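Visitor:
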Amino acid sequence: MNTPRANRRKTIRKKIGLYSVLLLFTIISIFPFYWMFIGATNTSGKMFSSPPTLLPGGEFMTNLTNLNNTVGIGRVLFNSALVSGLYVVLALAVCTMAAYALAKFEFKGNKIIFLVFLLSMMIPYQATLIPLFQLMARFNLLNTYFALIAPMLSYPFAIFLMRQNFLAFPKALLESARLDGASEFRVFLQIVLPSMKPALAATAIFLFMMQWNNFMWPLIAIQSQDMYTFPVALSSLMGFSYVDYGQVMVGVTIATVPIIVFFLVLQKHFISGMLGSAIK
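In the UniProt record's numbering, the protein residues as written are 1 to 280.
#1: Cβ of N63 within 7 Å of Cβ of V232?
#2: Assuming contact is defined by CB atoms lying nearer than 7 Å, are A158 and L207 in contact in what I supplied?
#3: Taking Cβ positions, are L237 and Q247 nearer each other than 7 Å?
#4: Under 8 Å, with one C-beta from each stretch per pair, do the segment 133-147 and the segment 105-125 reach the 3-pair mark?
#5: Identify, in the order they occur along the chain, each residue of the same chain with its Cβ nearer than 7 Å to the Cβ of E59, setting aside the five sequence neighbours on each side.
#6: Quick check on Q134: does DSSP put it in helix, strand or coil?
#7: Should K280 go down as buried or exposed, given a rule of 16 or more other Cβ atoms within 10 Å for buried?
#8: Where does Y228 sit, in a helix, a strand or coil, going by DSSP?
#9: If you follow the alpha helix (DSSP H) that S29 is part of, which residue opens it and which one closes it?
#10: Identify which residue in L82, R75, F188 and P151 has its Cα closest to the Cα of A101.
#11: Nearest to I38 by alpha carbon, out of I28, F25, I27 and L55?
#12: Count the other C-beta atoms from every protein chain shown that fall within 10 angstroms of the C-beta of A278, then say buried if there are 16 or more, exposed otherwise.
#13: My output table needs one value for N140: the three-state DSSP class, helix, strand or coil.
#14: With DSSP as the reference, label I260 as helix, strand or coil.
#15: Give the DSSP-derived three-state secondary structure of F105 in the structure shown.
#16: Here's the rule: buried if 16 or more other CB atoms are within 10 angstroms of the residue's CB, otherwise exposed. What is T203?
#17: Residue 283 to V88, Cα distance in whole Å?
#18: Roughly how many angstroms separate the alpha carbons of residue 283 and G45, rounded to a whole number?
#19: Just how far apart, CA to CA, sit N7 and L22?
#20: Could you give the distance in angstroms between the alpha-carbon of N79 and the alpha-carbon of K197?
#21: By alpha-carbon positions, which one of M216, T256, M227 and I222 ends up nearest to L129?
#22: Do I149 and L200 have their beta-carbon atoms positioned less than 7 Å apart in this structure?
#23: Apart from the five residues just before and just after I30, which ones in its own chain have a Cβ nearer than 8 Å to its Cβ?
#24: Determine the burial state of F262: buried for a count of at least 16 other Cβ atoms within 10 Å of its Cβ, exposed for fewer.
#25: Quick one: grab the DSSP three-state call for F215.
#26: Thinking C-alpha only, which one of I220, Q225, L141 and L92 is nearest L161?
#27: So the alpha helix (DSSP H) M47 belongs to, where does it begin and stop?
#28: Could you tell me which of N165, K108, N66 and D180 sits nearest to C95, measuring between CA atoms?
#29: Taking the alpha-carbon of S84 as reference, which of I254, V257, T253 and T229 has the nearest alpha-carbon?
Right under this line is the structure:
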């Protein structure tokens, strides 16, 4: 017979076991970021010493100075911020309007168009690089911000995510706004979008991370160092005979901070948006 005291002990043991497992996985998840910070504050020799150094060093400013002299960190940060910021704004506008049309307008071929968008997600990204390069070269758009931003403005996953949220918006509310004389654009901007903040935040995070971490296409489209984005700039640090991992870790640390900040700012809306699209 289980007494209340025995049940309480059993519950405490379960909680201790659960929190121990969670703590272990938390440490495993955080350790790569900690190692990145340790590498940014030490030289390459200390990083690969035996036993390895697990305490911060005093070489962060030296590594940062060397990185700036090598790739021009200010220019790289400006390029990445500009390209990612403009891309998120423009892609959100394009994908949101496309998703709204597919979710709320009844027209011939609606489902077929949406199916084509879904099927396009199955095409390997690498298969589009050569045709895309030829297209940009033909119009003399290589090595421009336009070439970095324009190709992925109509992002299929973003359209899918927004469409799933738009489907749950009540049609009766749209019809009443139209009967009151509101234009379709006003209905979209003033009635529909304000209620879609969680979905917009979730989509914005996906778009920002995708563009900020984009490496293959910028590597092909960029021809001069003053147009480097973070992934391309960091790849240029990987030499054939020598790699200064202190510089690399400083660059990775700086490149990681905007993603973390962007997510923390929108995390509340992000969770609501993802759950909303799953349930609806």
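In this text, a Cβ means the ideal position worked out from N, Cα and C, and glycines have one as well. These numbers come from a predicted model, not from an experiment.
Guide: In short:
#1: Taking C-beta atoms as the reference points, N63 and V232 fail to come closer than 7 Å.
#2: Going by C-beta atoms, A158 is nearer than 7 Å to L207.
#3: Cβ atoms of L237 and Q247: closer than 7 Å.
#4: No, the segment 133-147 does not touch the segment 105-125.
#5: So the list reads T41, N42, T43 and G246, once near-sequence residues are dropped.
#6: Helix at Q134.
#7: Unreliable positioning characterises K280 in this predicted model, as indicated by a pLDDT of 45, which lies under 50. The coordinate reading is nonetheless provided below. Exposed, because fewer than 16 other Cβ atoms sit within 10 Å of the Cβ of K280.
#8: In this structure, Y228 counts as coil in the three-state DSSP scheme.
#9: According to the DSSP assignment, S29 belongs to the alpha helix (DSSP H) that extends over P4 to A40.
#10: The candidate whose alpha carbon is nearest that of A101 is F188.
#11: It is L55 whose Cα lies nearest to the Cα of I38.
#12: Any reading at A278 must be qualified, since the residue scores a pLDDT of 43, below 50, and its modelled position is unreliable; no value is offered.
#13: Coil at N140, not helix or strand.
#14: Note: I260 maps to helix in three-state DSSP.
#15: Collapsing the DSSP output to three states places F105 in coil.
#16: Burial of T203 is indicated by the presence of at least 16 other C-beta atoms within 10 angstroms of its C-beta.
#17: Outside the displayed span of the chain (1 to 280) sits residue 283, for which this structure offers no information.
#18: As shown, the chain starts at 1 and ends at 280. That puts residue 283 outside it, with no answer to give.
#19: Near 22 Å, if we compare the C-alpha coordinates of L22 and N7.
#20: One C-alpha to the other measures close to 27 Å.
#21: The residue from M216, T256, M227 and I222 with its alpha-carbon nearest to that of L129 is M216.
#22: In this structure, L200 sits away from I149, with a CB-CB distance that is not shorter than 7 Å.
#23: Counting only Cβ-Cβ distances below 8 Å, and skipping sequence neighbours, we find nothing.
#24: Counting the other Cβ atoms within 10 Å of the Cβ of F262 gives 16 or more, which makes it buried.
#25: Taken through DSSP and simplified to helix, strand or coil, F215 comes out as coil.
#26: That would be L92, whose Cα lies nearest to the Cα of L161.
#27: The continuous alpha helix (DSSP H) containing M47 extends over residues S44 to M47.
#28: Looking at the Cα atoms, N165 is the closest of the given residues.
#29: Closest option to S84, Cα to Cα, is T229.
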